[in-house]
Amino acid sequence: MENYQNQNAGMMPVKDNKVLAIVALVLSILCCNLLSVVLAIIALVKSNDVRKFEQMGQQALAEQSGRRAGLFAWIAIGVMAVCTIIQTVMFFAMGGVEGYMRMLENLQ
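Quick note on numbering: numbering that gives the first Met the number 0 labels position 72 of the sequence shown as 71, and the sequence is numbered without any gaps.
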């Protein structure tokens with residue numbers, strides 16, 4: 000650990016967006032949106048790459064990976080939000096709870 004601190008003594012730590020990626024993953028799983036889950040996993044992997052690149056002394060790659068992690072996380076949250084809005088609009092366009100109950104009765 001001391002060697003890592005000596006190598007990067009003058010460098011600022013790179014924002015890895017790990018918390019944002021984890022939040023995007025948890026929300027995506029709760030909303031059952033597969034595309035959003037995949038994008039959030041990519042964001043999490045990219046956020047883990049930041050520390051690896053910093054330890055190797057490749058600051059530019061660490062910054063790029065951090066930016067991409069944030070981008071993928073925000074895209075995952077955006078996809079999840081758009082799908083949730085579409086599902087809500089479709090639910091109410093089909094008659095809301097009453098329409099849903101009629102559909103269930105027809106299936107029985």
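Every residue, glycine too, gets a C-beta built ideally from N, C-alpha and C.
| Is Gly-69 buried or exposed, if buried means 16 or more other CB atoms sit within 10 Å of its CB? | buried
| With 8 Å set as the bound, which would you pick, yes or no: does the beta-carbon of Val-96 sit closer than that to a beta-carbon of chain B? | Included in the structure is just one protein chain, with no chain B present.
| message | Just verifying my parser: in three-state terms, what is the DSSP assignment at Gly-56? | response | coil
| On the three-pair Cβ rule with 8 Å, is the stretch 43–54 touching the stretch 91–102? | no
| field | Burial state of Val-13, where buried means 16 or more other Cβ atoms lie within 10 Å | value | Val-13 should be labelled buried.
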